[in-house]
Structures are given as C-alpha cells and as structure tokens.
Amino acid sequence: MGRSKGGLSTKVQAATDALGNPVRFILTGGERNDITQIETLLHGLRAGHVLADKGYDGRRAMDAIAASGAKPVVPAWTITAKRRTFGAIIYKDRNLIERFFSKIKHFGRIATRYDKLARNYAGFVNFVAAIKCCLCM
Numbered sequence: 000m001g002r003s004k005g006g007l008s009t010k011v012q013a014a015t016d017a018l019g020n021p022v023r024f025i026l027t028g029g030e031r032n033d034i035t036q037i038e039t040l041l042h043g044l045r046a047g048h049v050l051a052d053k054g055y056d057g058r059r060a061m062d063a064i065a066a067s068g069a070k071p072v073v074p075a076w077t078i079t080a081k082r083r084t085f086g087a088i089i090y091k092d093r094n095l096i097e098r099f100f101s102k103i104k105h106f107g108r109i110a111t112r113y114d115k116l117a118r119n120y121a122g123f124v125n126f127v128a129a130i131k132c133c134l135c136m
C-alpha cells in the first residue's frame, strides 16, 4: 500500500464495538495520517461515544464525530491552547481496541505484512478478525 525508506508499509485503521469486537477495517499507506480516514470509519455506524487517541485531536475528526451523532472522547494534545474536557472514565475503555490490535498481531502475517497485494492483506485481516470474534463468543 504505502512505500517508505524501509519498503512497503501499511496501517490498519479499525473501528470496534464496546466489547472490542471489530466492526470495520480500512487499510492505508503507512505514511498517511490516521485522521484522513475518520469519515470513512464512522460512516453508517451508530455509536454513543467515539474513543480515539490524541492523533484524532483535530477539527476534522471532531466535526466527523459530531456529524455521526456521537460524543468525542479524545484527549487533547498537551500543546493545544484551548483545552477541552473529555470523559476520562470512558476513555479507559480504549484499551479494548489496543488489545484487539495486540491479538491480531499475534499472527505474524499481519505483524510483518508478508502480502504484496493490499487485497490479500485485507482478506487475512478480516479472516483473523472473524476468528477472534468466534473465539470470544
């Protein structure tokens, strides 16, 4: 997907439900910013809150979250002049998405991205996510 000095690089953007189960994936080049895919990730999802890391602390992300009808739970960058409050207690549940990424990266094929084609890589990410969902039920 993406190319850097080190070779091919890919980021997996994911949306999960409140239990940490995957809902949607998007693959992007490793050099692209995460915030560029926020509208696509949120399109058609119904959520009360959107939990995200500081990388999504920008007007574009906040507008997209508000447009989806959800409340943003995103900490502000420390250099931000205008500090906003966020639900720190709700934000603690963001570890579910981090645990999800940790679980799928146990599969070496995802962690190291052996696939040359994005289609094959996306297929394997979906396959692993399906296995994860089946094992959790």
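Note that the sequence shown covers residues 0 to 136 in numbering that gives the first Met the number 0.
Note that the Cβ used here is the ideal one computed from N, Cα and C, for glycine as well.
Note down the Cα distance separating residue i from residue j, rounded to an integer number of angstroms.
i, j, result
"CYS133", "ARG31", "32 Å"
"LYS131", "VAL124", "10 Å"
"LYS115", "LYS104", "17 Å"
"ILE37", "ASP62", "10 Å"
"GLY57", "THR35", "11 Å"
"ALA215", "LYS10", "This structure leaves residue 215 out entirely; the chain is present only between 0 and 136."
When we look at the beta-carbon of residue i and count the other beta-carbons within 10 Å, is it buried (16 or more) or exposed?
i, result
"ILE88", "exposed"
"VAL22", "exposed"
"THR77", "exposed"
"LEU18", "exposed"
"ALA51", "buried"
So what does DSSP say about residue i, is it helix, strand or coil?
i, result
"ALA14", "strand"
"SER8", "strand"
"GLY86", "coil"
"ARG31", "coil"
"LEU40", "helix"
"ASP56", "coil"
"ASP92", "helix"
So who's on the other strand from residue i, going by DSSP bridges?
i, result
"PHE106", "Partner(s): none; PHE106 has no beta bridge."
"VAL127", "Its beta-bridge partners do not exist; DSSP assigns none."
"HIS48", "LYS70"
"ILE78", "Beta-bridge pairing links ILE78 to no other residue."
"PHE24", "ALA13"
Check whether the stretch 39 to 49 touches the stretch 65 to 74, taking contact to mean three or more Cβ pairs, one atom from each stretch, closer than 8 Å.
yes
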